[in-house]
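Using the working numbering, read the sequence shown as starting at 3 and increasing by one per residue.
Some notes on the structure that comes next.
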Amino acid sequence: MTIRAVVFDIGGVLEFCGPMDFEKVWEPKLGLADGSIDAAMQDMWDGGAIGTVTEAEVHAAMADRLGITHDQVDAAMADMWQQYLGTPNTELIEYARALRQRVRTGILSNSFVGASEREQAAYGLVELVDVCLYSHEVGLVKPDPELWKLTCERMGGKPAELLFVDDFPANIAAANAYGMRAVLFESTAQVIAEIEAALRGE
Numbered sequence: 003m004t005i006r007a008v009v010f011d012i013g014g015v016l017e018f019c020g021p022m023d024f025e026k027v028w029e030p031k032l033g034l035a036d037g038s039i040d041a042a043m044q045d046m047w048d049g050g051a052i053g054t055v056t057e058a059e060v061h062a063a064m065a066d067r068l069g070i071t072h073d074q075v076d077a078a079m080a081d082m083w084q085q086y087l088g089t090p091n092t093e094l095i096e097y098a099r100a101l102r103q104r105v106r107t108g109i110l111s112n113s114f115v116g117a118s119e120r121e122q123a124a125y126g127l128v129e130l131v132d133v134c135l136y137s138h139e140v141g142l143v144k145p146d147p148e149l150w151k152l153t154c155e156r157m158g159g160k161p162a163e164l165l166f167v168d169d170f171p172a173n174i175a176a177a178n179a180y181g182m183r184a185v186l187f188e189s190t191a192q193v194i195a196e197i198e199a200a201l202r203g204e
């Protein structure tokens with residue numbers, strides 16, 4: 003079936019990101035035991051991923067549960083966002099920008115409350131594609147089949163007409179199982195070549 007839309011993940015695809023390990027730096031700085039931040043904040047991390055909590059609530063919970071100041075929270079979270087945003091994959095971003103003239107394009111990202119505004123300010127992702135789906139805005143995270151369904155609806159195509167690019171093998175397997183064509187990001191050149199082959203019907 004003809005590919006009518008290409009959908010990109012952000013972290014590890016349109017952005018190059020290292021490990022999200024800001025807590026390894028901040029736990030010693032704050033005099034906390036290893037693992038303290040995630041143990042205290044896991045429900046807030048989970049809520050932030052589907053938009054059931056606000057940034058203000060995340061910050062307040064961190065200060066209260068860890069017994070640290072709001073200034074310390076702000077500094078730790080600033081480092082978290084620096085890691086989260088990573089650096090732009092300029093070549094793939096420009097390819098996606100040009101690709102929009104040929105097929106519908108989209109973004110599908112497991113995210114965190116506040117991510118869309120920061121990524122827009124840093125990289126202008128909203129203007130890059132036709133449709134943006136952030137998990138914290140739609141209340142669903144990959145690999146939930148309901149999110150694949152919503153993606154197809156928003157992109158205006160059947161599963162087999164969508165090509166999805168992600169860097170996480172479990173998401174690739176789930177998207178394929180739903181009927182989408184999915185490409186595992188290993189390098190920019192490899193992904194572009196696979197997209198072009200799919201658009202040629204290969």
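Where a beta carbon is used, it is the ideal one built from N, C-alpha and C, also for glycine.
- [ ] Tell whether a beta-carbon distance below 7 Å holds between valine 55 and isoleucine 197.
- [x] For valine 55 and isoleucine 197, no; Cβs fall outside 7 Å.
Task: Nonlocal neighbours in the same chain, by C-beta distance under 7 Å from phenylalanine 24, ignoring five residues either side - done: Excluding its 5 nearest sequence neighbours in each direction, phenylalanine 24 has C-beta neighbours in its own chain below 7 Å: Ala78, Asp81, Met82, Gln85, listed in chain order.
Task: leucine 94: first and last residue of the uninterrupted alpha helix (DSSP H) it sits in - done: It spans 92-101 - the alpha helix (DSSP H) in which leucine 94 sits, taken as one unbroken run.
Task: Ordered list of alpha helix (DSSP H) runs contained in the segment 142-194, each at least 4 residues - done: With a minimum length of 4 residues, the continuous alpha helix (DSSP H) runs that stay inside the segment 142-194 are 147-157, 171-180.
- [ ] Using three-state DSSP, classify valine 131 as helix, strand or coil.
- [x] Look at valine 131 here: in three-state DSSP terms it is coil, with no helix or strand label.
- [ ] Name the two residues that bound the continuous beta strand (DSSP E) containing valine 9.
- [x] For valine 9, the uninterrupted beta strand (DSSP E) segment begins and ends at 7-10.
Open item on the list: Once DSSP output is grouped into helix, strand and coil, what is the label at isoleucine 70?
Closed with: Under the three-state reduction of DSSP, isoleucine 70 is assigned to coil, being neither helix nor strand.
- [ ] Find out if the Cβ-Cβ distance for the pair aspartate 45, serine 111 is shorter than 7 Å.
- [x] 7 Å or more divides the Cβ of aspartate 45 from the Cβ of serine 111.
TODO: State the DSSP-derived secondary structure class of phenylalanine 24, mapped to helix, strand or coil.
DONE: Phenylalanine 24 carries a helical assignment under DSSP once its states are collapsed to helix, strand and coil.
Open item on the list: Taking a contact to mean a Cβ-Cβ separation below 7 Å, would you say leucine 201 touches leucine 94 in this structure?
Closed with: Contact: no.
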